[in-house]
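Accompanying notes for the structure given below.
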Amino acid sequence: MSKSNTSDRRLRAPSLEGILWQLAQVFWVGGLWVFHVGLVPALKVSSLAPLLVQDIAVQIDRWLIGVALLGLLTQLAVLARVDGLAAWWRQFRGQMLLLGFGACVSYYTLRYGISVGERWQMFCILVLGFSGIVLVAQPVPVRARHARH
1428 MSKSNTSDRR LRAPSLEGIL WQLAQVFWVG GLWVFHVGLV PALKVSSLAP LLVQDIAVQI
1488 DRWLIGVALL GLLTQLAVLA RVDGLAAWWR QFRGQMLLLG FGACVSYYTL RYGISVGERW
1548 QMFCILVLGF SGIVLVAQPV PVRARHARH
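In terms of our numbering, the sequence shown is residues 1428 to 1576.
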């Protein structure tokens, strides 16, 4: 008698790597978008002084980029563990992670190293935000499971 095909399709618990991937993504992508699409516009229409709103946004941006950097490093580590280090440049999600990482490094370089205008820093935030949105649409990396015979 052969085994039922439904027993092979059992739901499996998510792996630690999958949980770390999604948790990191929620914090950095979600935080970045909620802040820039939700909180900053809400502060701008409030009765707060425009310079105060700008100062709040600049101060929180530094922390958000730091959270994004930690999240990206976590996701890069997960991708390397699951699919190998070469996945960073061979897979699309690896390339998006490296693009986001580059945007974070560029943001801090522009802010503290070169000290150029805020427009370039905002460009880095936009690159980071859109690479995050693209990453959300990508599947979570999972290890290939060996079939039991």
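Virtual Cβ for every residue (Gly too), placed ideally from N, Cα, C. Treat the numbers as computed from the prediction; the structure is a model and nothing was measured.
Taking the Cβ atoms as the reference, leucine 1553 lies roughly 14 Å from methionine 1523, outside the contact range of under 8 Å. By the C-beta density criterion, serine 1542 is exposed, having fewer than 16 other C-beta atoms within 10 angstroms.
Of all alpha-carbon atoms in Val1505, Gly1559, Leu1526, the one lying nearest the alpha-carbon of serine 1442 is that of Val1505.
A contact is defined here as three or more CB-CB pairs under 8 Å, and the region 1480-1490 fails this definition with respect to the region 1514-1533.
Rounded to the nearest angstrom, the Cβ distance from glutamine 1548 to leucine 1537 is 5 Å, consistent with a contact under 8 Å.
DSSP places proline 1468 in the uninterrupted alpha helix (DSSP H) bounded by 1467-1472. By the C-beta density criterion, tryptophan 1455 is buried, having at least 16 other C-beta atoms within 10 angstroms.
Separation of proline 1568 and alanine 1476 (C-alpha to C-alpha, rounded to the nearest whole angstrom) is 45 Å.
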